[in-house]
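A.B. asks:
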Amino acid sequence: MRMTDAMISRMELDRSFIPPFPERPQTRLPFRETLRRASENILDIFTERDFINRQMRARVLGRDFFVCNNPAGVREAFGDHHAAFDRKTLYQKRALSPLIGDALLVSEGALWAGRHALVSPLLQGASPVWPVAQARAAIIEVCTRWHAAGAGARVDVLAEMGRFATQFTARLLFGETVGRRFGPSIARHVALFQNNIATLDLASLIGLPQVLPSRGGFAGRMAAARARLAVEEAIAALDDAPDAAPEGALVRQLLAARDGEGKPLSRAAVRNETLGLFVAGRETMAVTLAWALYLVSQSPRVAANVEAELTAVLGGRTPQLKDFARLTYTRAVLEETMRLYPPIPFLARRAGSRGSVNGMVAKRGSVLLVTPWLVHRNRSIWSLPDHFVPERFDEANSPLRDPFSSLAFSAGPRACPAQDLATTAMLTALATVLQTFVVEADPAHKVEIDAHILLRPGRHLPMFVRWRPATPPAADAPHADLAALEHAIVAAHATGAQAERVGKAGELKTALGRLPRRLGLASGAKVPAAGALAALERLAPDLAPAQRQALAKAWQRNEARAIADYERLPALIDPRRLQREGLSHLHAAQASGRGLVVTTIASAVDDLFAALVADDCGDDAMVLGAPELRGIDAATAARMRSLLALPVLPADALAATLVARAGLPGTVLALHLDAPGADGGVHFPLFGRPAPQDGPTALVLAAAHKDGALIVPATLRRGGRGRHILRYHAPLDPDSRTPADLLNALDALYEPFVRENLGQWRRLDLY
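Here the sequence shown is numbered in my numbering, starting from 251 and rising by one per residue.
Structural data, given as structure tokens:
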């Protein structure tokens, strides 16, 4: 809020970037001109004086209008007397009800109270672990697209943040499988509906019946109908495959919710609330992140401060729950963005009974406009109200902030119940993008202020994005060889992306060279039985030819068995069918407070190992690279990972954003540490083979070496009677070893394990 003149002068905050805003008339406009401007952009009607006044009152066609522009009035109307102002205006109902029906966003009275009691606890009491994992995966997909586009690519940041918000919101609502399938369709129809909503419907605002169809009415109604149908199909897909959505999926929770009398929500109510959550979550996050990237691109001071914080806190890895409390400046950037450009610039209510605003009586039927656009720029509340100054949200600079002065998520009992969830998701996205890319606004593009229901930077926001390479240390500094490796991998990955766009297998193979296409995974290439026999001849030279033939056939049977096991992963995780050994080693590593890398070479199902170790390691565990799924249907894999709530990140994205930067995101499960062979096959660095320094094994261990993370080797094998045995081994400390020593230590552990369990293996024909 208010900052001292001394602080402003010392930090030169008065020289901060002033982002664009609509021209402000010096005097009140004539009524007809006000209506004309309001029909195009309601923010154009406010004068300079409106940003100083505490409130405004007018009477139009016999109806009282109150415009509130101060925290005290907001507290009175939305807090103390919220029951009197709990009605939505006819404009809001006509603008949103065709899409979301009676959802919380537009409901009122007893209906709102009952629905709020059911829905809010689902949003406010949910564990943030699963949503953060979904946000992380969704934003890394965006980063991967930008990286593949090449250095200096021109991207529409508004559309790209819309894609992130679509993927995140759809996964949050439906789970990964159904969300991926239906999210883009829902988003497309919702956007078409919103593009056909007029900014201001005067008849609805003053309470007149709607006689003529509104502008774009037919197209909007058709888009709303298609959006509702898409949501109904997504819910039906969950019915057909109830295991496709994890417990954290909100639609699953809505379907299971019961009111005080034990009654469930109707299917129409579930559909409406789902659409309401989709609209509120997807749209507000997309526009806020787009505005934030634009503002940071225009302020070198802010960009430098964000970069310094992200480097200090994250060091190149994606943010985890434990990091959010330390990302104070990055969070302040989000808060300042929503102050300057509140996603919903005005909040309208209609008095259902007699109330008061700033001591003035509001009769039943009066219209109250609480306008964040005005409150957030009120000169009596904020220092430098039109400047981009994230520092104002540091409690040390302005400790007496009034909670009713920031209205990005509304205020009072009807405040957005998902604001903490949305803020966490946006912080995850903003931190990931800004530590991975330098963003620059297109100087040829004029940013517009488009105020329909949402406050958007026009229909498009083109910006240039450049990969932010890691800064190499001096040649004599520790880990200098690692820095060189990082830069080599970044360059090779970019080359590989270009070859992928060409789509020619030969060029792709040449461009990639020895770069791992999968991080910690087998290539998935089909290898003839002769390859299995050759591998067995090397691994078990003392075996007779007939014994090798029998083992090769066993490997083929094990492959089929693993595919069948994938369909029943939840049953395999049953503690009665599982034996854990060496948990004390894992617990000791966790108690050290250092980073943790769990490695394996598993003879059983990859995702089983991932689920078990993620369960043992806790909230911040994630799978480094999606396990190879040879013979397993991708939809089945997605459904199982969603069911098990496995935070699996795309392998290519990780190669670009994690490994090349040598950052470890919390607890890392490095599956199948393999290395690409010069012959195009895949060979594990065991049995006397030299360990390649550019393979994924070396990359993971080099990252652990740099971050000082402990390495806990693990093995997973089949036991008798359908049981599996998971064993953790003594941790390896990178501080006392070189990456090459660590490779040799893993070889010394895994080679005997492979030999002892040759009969139950299933993919050694690849090694």
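For every residue, glycine included, the Cβ atom is placed at its ideal position computed from N, Cα and C.
State the DSSP-derived secondary structure class of valine 863, mapped to helix, strand or coil.
C.D. replies: Three-state DSSP puts valine 863 in a helix.
A.B. asks: Report yes if the C-beta distance between phenylalanine 316 and valine 607 is below 7 Å; otherwise report no.
C.D. replies: Their beta carbons are under 7 Å apart, which means phenylalanine 316 touches valine 607 by this criterion.
A.B. asks: Taking one C-beta from the stretch 622-636 and one from the stretch 288-304 each time, how about it: are there three or more such pairs within less than 8 Å?
C.D. replies: Judged by Cβ distances under 8 Å, the stretch 622-636 makes contact with the stretch 288-304, as three or more pairs qualify.
A.B. asks: For aspartate 636, which residues in the same chain have their Cβ closer than 7 Å to its Cβ, ignoring the five residues on either side in sequence?
C.D. replies: Around aspartate 636: Ile268, Phe271, Arg627.
A.B. asks: Exposed or buried, glycine 470, counting other C-beta atoms within 10 Å across all chains shown (16 or more means buried)?
C.D. replies: The residue in question, glycine 470, is buried, as its Cβ has 16 or more Cβ neighbours within 10 Å.
A.B. asks: Rounding to the nearest angstrom, what Cα-Cα distance links valine 715 and glutamate 690 in this structure?
C.D. replies: Roughly 6 Å separates the two Cα atoms.
A.B. asks: By the 10 Å Cβ neighbour count, where 16 or more other Cβ atoms means buried, how is isoleucine 258 classified, buried or exposed?
C.D. replies: Isoleucine 258 is buried by the Cβ-count criterion.
A.B. asks: With DSSP collapsed to three states, give me the class of isoleucine 390.
C.D. replies: Looking at isoleucine 390 - three-state DSSP - the assignment turns out to be helix.
A.B. asks: Whole angstroms is fine: what's the gap from proline 825's alpha carbon to phenylalanine 424's?
C.D. replies: Spanning the two alpha carbons is a distance of roughly 28 Å.
A.B. asks: Could you tell me the boundaries of the alpha helix (DSSP H) in which leucine 442 lies?
C.D. replies: Segment 426-445, the alpha helix (DSSP H) holding leucine 442.
A.B. asks: Considering only residues of the same chain and omitting the five flanking positions on each side of alanine 804, which have a CB-CB separation below 6 Å?
C.D. replies: These residues qualify, in order along the chain: Gly1009.
A.B. asks: Buried or exposed: where does threonine 254 fall if 16 or more other Cβ atoms within 10 Å of its Cβ makes it buried?
C.D. replies: Looking at its Cβ environment, which holds fewer than 16 other Cβ atoms inside 10 Å, threonine 254 is exposed.
A.B. asks: Could you tell me whether any non-hydrogen atom of the ligand MN is closer than 6 Å to the CB of phenylalanine 281?
C.D. replies: Looking for the ligand MN in the displayed structure turns up nothing, as the structure carries no ligands at all.
A.B. asks: Within the same chain, show all residues whose beta-carbon is closer than 6 Å to that of glycine 402, passing over the 5 residues directly before and after it, in chain order.
C.D. replies: Once the five neighbours on either side are set aside, the close Cβ partners of glycine 402 are Phe714, Arg716.
A.B. asks: Note down the Cα distance separating serine 616 from glycine 351, rounded to an integer number of angstroms.
C.D. replies: Spanning the two alpha carbons is a distance of roughly 24 Å.
A.B. asks: Under 7 Å between the Cβ atoms of serine 549 and phenylalanine 638?
C.D. replies: Yes. Within cutoff.
A.B. asks: To the nearest angstrom, report how far apart arginine 421 and serine 547 are at their CA atoms.
C.D. replies: In a straight line, the C-alpha of arginine 421 is about 29 Å away from that of serine 547.
A.B. asks: Looking only at DSSP bridge pairs, what is proline 605 linked to?
C.D. replies: Checking the displayed sequence, the identity of residue 605 turns out to be glycine instead of proline. Paired residues: Ala612.
A.B. asks: Hey, out of Val481, Val552, Phe414, whose CA is closest to glutamate 533's CA?
C.D. replies: Measuring from the Cα of glutamate 533, the nearest candidate turns out to be Phe414.
A.B. asks: Are histidine 974 and proline 963 close, meaning C-beta to C-beta below 7 Å?
C.D. replies: Against a cut-off of 7 Å, the Cβ pair of proline 963 and histidine 974 comes out as no contact.
A.B. asks: Please classify asparagine 319 as buried or exposed, where buried requires at least 16 neighbouring CB atoms within 10 angstroms.
C.D. replies: Looking at its Cβ environment, which holds 16 or more other Cβ atoms inside 10 Å, asparagine 319 is buried.
A.B. asks: Just tell me which of Gln444, Ser986, Gly359, Val392 has its CA closest to the CA of valine 683.
C.D. replies: The residue with the shortest Cα to Cα distance from valine 683 is Val392.
A.B. asks: So what's threonine 965 in DSSP terms, helix, strand or just coil?
C.D. replies: Three-state DSSP puts threonine 965 in a strand.
A.B. asks: Can you tell which of Arg581, Val848, Arg614, Leu543 has the C-alpha that lies nearest to the C-alpha of glutamate 559?
C.D. replies: The candidate whose alpha carbon is nearest that of glutamate 559 is Arg581.
A.B. asks: Suppose you measure from the CA of glutamine 806 to the CA of valine 501; what does that come to, to the nearest Å?
C.D. replies: About 40 Å.
A.B. asks: Phenylalanine 316 lies in the beta strand (DSSP E); which residues open and close that run?
C.D. replies: 313-318 is the span of the beta strand (DSSP E), which, as asked, contains phenylalanine 316.
A.B. asks: Which same chain residues, not among the five before or five after alanine 744, have their C-beta less than 6 Å away from its C-beta?
C.D. replies: Annotation note: pLDDT 36 at alanine 744 (below 50); position unreliable, coordinate value reported separately. So no residue of the chain qualifies.
A.B. asks: Excluding five sequence neighbours on each side, which residues of the same chain lie with their C-beta closer than 8 Å to the C-beta of aspartate 336?
C.D. replies: The answer, listed in chain order, is Glu358, Gly359, Trp362, Arg599, Gly602, Arg664.
A.B. asks: Which of the three DSSP states is assigned to glutamate 262 in this structure?
C.D. replies: Note: glutamate 262 maps to coil in three-state DSSP.
A.B. asks: Using CA atoms only, rank isn't needed, just tell me which of Ile302, Pro514, Arg1005, Pro348 is closest to alanine 477.
C.D. replies: It is Pro348 whose Cα lies nearest to the Cα of alanine 477.
A.B. asks: Skipping 5 residues on each side, what residues in its chain have a beta carbon closer than 8 Å to that of glutamine 829?
C.D. replies: Here the set comprises Gly969, Arg973, His974, Ile975, Leu976.
A.B. asks: From the DSSP output, read off the bridge partner residues of tryptophan 717.
C.D. replies: Phe687.
A.B. asks: Who are the near neighbours of glutamate 585 in its chain, counting only those whose CB is closer than 6 Å to its CB and skipping five residues on each side?
C.D. replies: Here the set comprises Phe643.
A.B. asks: Quick one: what does DSSP say serine 549 is sitting in, helix, strand or coil?
C.D. replies: Looking at serine 549 - three-state DSSP - the assignment turns out to be coil, as it is neither helix nor strand.
A.B. asks: Use the C-beta contact count for proline 935: other C-beta atoms within 10 angstroms, 16 or more gives buried, fewer gives exposed.
C.D. replies: The pLDDT assigned to proline 935 is 47, lower than 50, so where the model puts this residue is not dependable, and the model offers no usable value.
A.B. asks: Using only the alpha-carbon positions, how far apart do alanine 814 and alanine 821 sit?
C.D. replies: Answer to the nearest angstrom: the Cα atoms are 12 Å apart.
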